[in-house]
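Protein chains in written order, with my numbering: chain E, 44 to 420; chain X, -10 to 286; chain H, 149 to 343; chain Z, 45 to 222.
Think of the CB as a built atom: it goes at the ideal place given N, C-alpha and C, for glycine as much as any other residue.
Since we're looking at a predicted model, the values are computed, not measured.
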Amino acid sequence: MTEPDAPTATAAPRELEMYFGPQHVGMVGNFGIILTVEGDTVVRARANPGYLHRGFEKLMEYRTYIQNFPLVCRLNVMDPDPNEALYAMAVEDLAGLDVPPRAHYIRTVVLELSRVSSHLMWMWGYANLLGFETLGQWAMGDRDYVLDLFEALTGGRVYHTYIWPGGVRRDLPDGFADKAYRVLDHLQSMLPEYDNLFFNHRLFADRTQGLAVLGRDDALAMGVTGTNLRATGAAADTRKDEPYAAYGALDFDVPTMQDGDSYARAVVVRLEIEQSLSLVRQALEGMPGGPAWTKMPNPFKWEVPPGETYVKIESARGEAGFYMVSDGSDKPYRVHFRSPSYPVGILVLERLLQGASLSDVGHIMLSLNIAAPEIDR
Amino acid sequence: MWVVGIIALPLLAIGVSVFFLGVSRKVTARIQRRYGPPLYQPVIDVVKLLAQEEHVSHGMVFDAGMVLALGGSLATVLFIPVGGLHPLSAGGDLLVILYLMLLPPLGLALAAGAAENPNASIGVSRKLILALGYEVPFLLALLAVMTQEGTTSLVAIAEAQQPSVLEWGLVRAPLSALAVALVLPAMLGLRPFDMATAPQEIASGTLVEFGGKYLVLAALQGALHTYIVIALFVDLFLGGGANVLTFLAKMGVVFFGGLLINAVYPRVRIGQALRFCWKWPTLLALLGLVVVMVMGR
Amino acid sequence: MDRAQIPKILKSPANWGRKYSLWAVYFCTGCGIIEIPPVVTSRWDAERFGVIPMATPRQGNLFLITGYVSLKTLGAIIRTYDQMLNPKYVVGFGSCPVNGGMYWDSYNTIKHLDQYVPVDGWISGCMPRPEAIFIAVTHLWTLIDKGLADGYKRYKDNYDFYCANQRRVLPHLPKFACGTGTETATAPATLRMPT
Amino acid sequence: MRDRDGDRDRTGHVADADVNEEDLKQRIADRMPQCGVTVPKPGRLIATVPRDGLLSLLHLLKTDGFEHLSLISCVDWIDEGELELVYHLWSQEKKVHAMAKTRVDRASPRMLSVILLFRHAQTYERELHEMFGIDFDGNPRQVPLLLDHWQGIPPMRKEFDLRRHARETFGVEERTDD
């Protein structure tokens, strides 16, 4: 019981056990992998999560609905807004709250900006791992402009506590659309630069093509969603399958690639940035008038009717879901978060790392776009 | 006079290489749209490291390895003519330099082995494999130059190139020069060939267990290595230098080119690096050797 | 370089080096890590102040503990801290290391970081902005100048106190396998706890 | 496969979605009479079975197109002395989310593992084993996942008092607000 996940076989004399992370520059998030290497080749890999576990689901059972509201966005720091939206949607579903159309559009803007910021962060990490520090610095610098937009809209750079049961916390500030268009234009103009420097680079293709291939059947059988699944050719996207917010009224395609290797996964993310920029633009242009929230009952004494619901959303990493059970009191009875990184970060990662070269461990992990706080919760 | 040279040359080398470190950080920062640290930042770092209250050693072999590495580099510096300065030129030539250049990697390997960190061992093995890769074209190119000039003395080679630009090794043996230029990033440990100290893969590789004054020794050795390789290239192919200043200016140009490549290339895998080194640079160097031998007849 | 600084540098070159060459060791302890990449990249560029991220604890002297600390992470933090060379400075980042913050009643995160490792400075807030990190760095400079950034000395002097606390929450760590378990867990009177 | 052809309308669920769910409900009721099926809203389906029937229900659903296991969740109904296991399945073809539910005894919770049907159930079961203390027969990897050397009652159970634990372990002072 005391030995966490002990190795099954005794290590052969030439094999070496290595702790990859959490104190490791090549590690994304506070996550560990225990590698058994022979020379430069990984023989066996075991994921070692739990460094970020803070018992979210238990904490939420102890807090009222309104107290949970600032808590949920901290589930995943890289992409916080989908979690807020999920929580809001779950509570709305249970309590039967209506959301005005304007709030749907504002939510779409926020969710897509969050996706852009998460993907740019991913690009920084990925480029850095491949030793492409210049692109990493540029992407991170450009991400800051998105954070500036968030700051103008919500007052916070990273955590926004903005999407709220019954709508959003406040309406768009004056001149927000113009600011947003400027940022969108800038990002749009940077994308060709990224392509020249990175995605069209021969060395990038050399290092990633054919690496860590995940077939479509395997991906489907192992619960993979999001960009990782779309890189195998399956056009599954919650935004299309079960449209929420304003996605049903917007015009977009789901970018897919066929190969399912590291390269395909990276290119899908790159294509999604472009698509998200267009979605933000569409949502801003088609923004209807009217109120941005519905009036809620007094949140301090608010009791949500008993019931259960499962809502889901397409976060930057895939299908994020929220299973919420209410027993009619002012606190949720049970909350369970379905994180997109969860199936990918443990079983799929362990499988793809087998036989990989030690130089590729970090960027195989990053190509899967794993967020450690989502796995640990 | 030569006593002054023996003392001055290593000091000059250290000064130049530390200055290069500062420049490299500033230039990289500017390419990355940053302001960057002050030029004298490496000096602050060295002062900080020397002033640390703790220095973790990993035993005699660790210490001896570091001394061997730095000593080897310093000795090499003395044999490389810088402009008119060549204090030990009478006693040495290219072959001596080649032998002396083997000492630093050996010392580093000893120290890293004594540190007993798997990352360090992997870093050393990568470094040695990479050396295996670039030594082949480098030695072939050297052979071509020595055949052409009919001497193994670096001073003579540098002086033979003095008259005009047309006498430069770059013009007279372009294939060999190109071959060495291609493996130059690998010899300098710059991207795309910095896998021996890749922080993101093996957390700084060979340097993982170095701290305090040992890191100073290691960093100094690394900086001197950069100096040696670039000085060799300038002496062999860029006409040496009429005086110290022109020589240093040429070195600066070569280093700057390396920095630009460093900034826009990703890191490759060790296998890819080996394949690259043994393909085009080796072919070019071989071709250059053949051309020299045919023309020389 | 500011001309007025030169006498100061000559007086204590060691402090000059320590101040302007803070090599940061951090790992993604918690949410706070999200603001570190912007700080070290092109928008905010911490390298101006000599702060650069370092890959291995042997080379760093500034330890950023960025956010809530779960028990499993605490083990890694202690291990990393012990590997760093003196002098070393610890900065607690965000509300969670200060008093548990949002996770004050969680079963898996520690509440007061300074009971387990000595902390030289705090940055409060959730999330602290990049400017706050720079303020922390400049504040740390003042502390180093005055000789108040002495967390590593406190750790040495009150090792029993810290060790007992560490053992209380992490009894299984190999570090404590041979300990007696009788160390007192009350703070000695001489221990200056940052308030 | 409707949406891949692009004939889906923009407003969300397609018009014949209800038919699908009613069909499904009927089919499950025919094949497994002990199973209670409800359709709370379009696109959702809840099927409740006794503990023994769960594997056959999951198998039935899987052959019906529910190939994606989203989540295995567990709810602790402490007053009824039972743990409720909820298997969340999604059908990409039908665009329906199904929850298969079953209850196990709280005192000695045991369940058959479903890793033969869904490979990645391994991790979910591993977590439930850790957080609720449920034993999954057939899961080879029931070792701690998130917690480090945890002793005492599994933390997600309702009888685990979070605040008392925090007070005793970390010396957290009680706050006046709740």
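Around the Cβ of residue 296/E, a 10 Å sphere holds fewer than 16 other Cβ atoms; the residue is exposed. Runs of the beta strand (DSSP E) lying entirely within the region 283 to 315 of chain H and spanning at least 3 residues: none are present.
Remark: C-beta atoms of residue 154/Z and residue 120/Z do not approach each other more closely than 8 Å. Straight-line measurement puts the Cα of residue 51/X at about 8 Å from the Cα of residue 102/X. Residues of the region 198 to 222 of chain E with a C-beta atom less than 8 Å from some C-beta of chain H are 199, 200, 201, 202, listed in chain order. For residue 265/E, the nearest CB of chain Z lies under 8 Å from its own CB, placing it at the interface with that chain. Cβ contact annotation for residue 325/E (same chain, cutoff 6 Å, sequence separation greater than five): 293, in chain order. Below the 7 Å Cβ cutoff, chain Z contributes 206, 207, 210, 216 as neighbours of residue 253/H, in chain order.
Nearest CB-CB separation between residue 147/Z and chain E: not below the 8 Å threshold. Taking each of 85/X, 166/X, 54/X, 70/X in turn and checking the Cα distance to residue -3/X, the smallest one comes out for 70/X. Residue contact with chain H for residue 271/E: absent (no Cβ-Cβ distance below 8 Å to any residue of chain H).
Within chain E, the C-beta atoms nearer than 9 Å to that of residue 252/X come from 176, 177, in chain order. Closer than 8 Å to the CB of residue 61/E there is at least one CB belonging to chain X. Distance from residue 72/E to residue 414/E at the Cβ level is roughly 6 Å; contact confirmed, criterion being Cβ atoms closer than 8 Å. Secondary structure note for residue 156/H: its alpha helix (DSSP H) is the uninterrupted segment 154 to 159.
In this structure, the straight-line span from the alpha carbon of residue 86/Z to that of residue 102/Z is close to 21 Å. In the three-state reduction of the DSSP assignment, residue 105/E falls in the coil class, being assigned neither a helical nor a strand state.
In summary, the residues of the region 91 to 118 of chain Z whose CB is separated from some CB of chain E by less than 7 Å are 111, 112, 113, 114, 115, 117, in the order they occur in the chain. Scanning its chain for C-beta atoms nearer than 6 Å, with the 5 sequence neighbours on each side dropped, one finds around residue 80/Z the residues 92, in chain order.
Distances from the CA of residue 377/E to each of 391/E, 363/E, 122/E, 351/E were compared; the closest alpha carbon is that of 351/E. Residues 159, 227, 230, 231 of the same chain have their beta carbon placed closer than 7 Å to that of residue 320/E, with the five preceding and five following residues left out of the count. Of all residues in the region -2 to 27 of chain X, those with a C-beta nearer than 9 Å to a C-beta of chain H are 14, 18, 21, 22, 23, 24, 25, 26, 27, reading in chain order. Taking the Cα positions, residue 165/H is about 28 Å away from residue 108/X. It is roughly 15 Å from the alpha-carbon of residue 366/E to the alpha-carbon of residue 108/E. Around the beta carbon of residue 341/E, a 10 Å sphere encloses fewer than 16 other beta carbons of the protein chains shown; the residue is thus reported as exposed. Unbroken alpha helix (DSSP H) stretches of 4 residues or longer found wholly inside the region 241 to 312 of chain E: 245 to 251, 259 to 264, 269 to 273, 281 to 284, given in chain order. The C-beta of residue 173/Z comes no closer than 8 Å to any C-beta of chain H. Per DSSP, residue 159/Z lies in no beta strand (DSSP E) segment and is marked neither H nor E. For the C-beta of residue 256/H, the chain Z residues within less than 9 Å are, from N- to C-terminus, 190, 191, 192, 194, 199. Distance between residue 254/E and residue 263/X, taken at the CA atoms: about 19 Å.
Residue-level contact check: residue 167/Z does not touch chain H, since none of the beta carbons of chain H fall below 8 Å from its beta carbon. The C-beta distance from residue 216/H to residue 97/E rounds to 6 Å, short enough to fall under 8 Å.
For residue 99/X, not one C-beta of chain H is nearer than 8 Å to its own C-beta. DSSP places residue 92/E in no alpha helix (DSSP H); its state is neither H nor E.
Shown in chain order are the members of the region 390 to 406 of chain E whose Cβ falls below 9 Å from a Cβ of chain X: 400, 401, 402, 403, 404, 405, 406. Contacts with chain H at 8 Å (Cβ-Cβ) include residue 213/Z.
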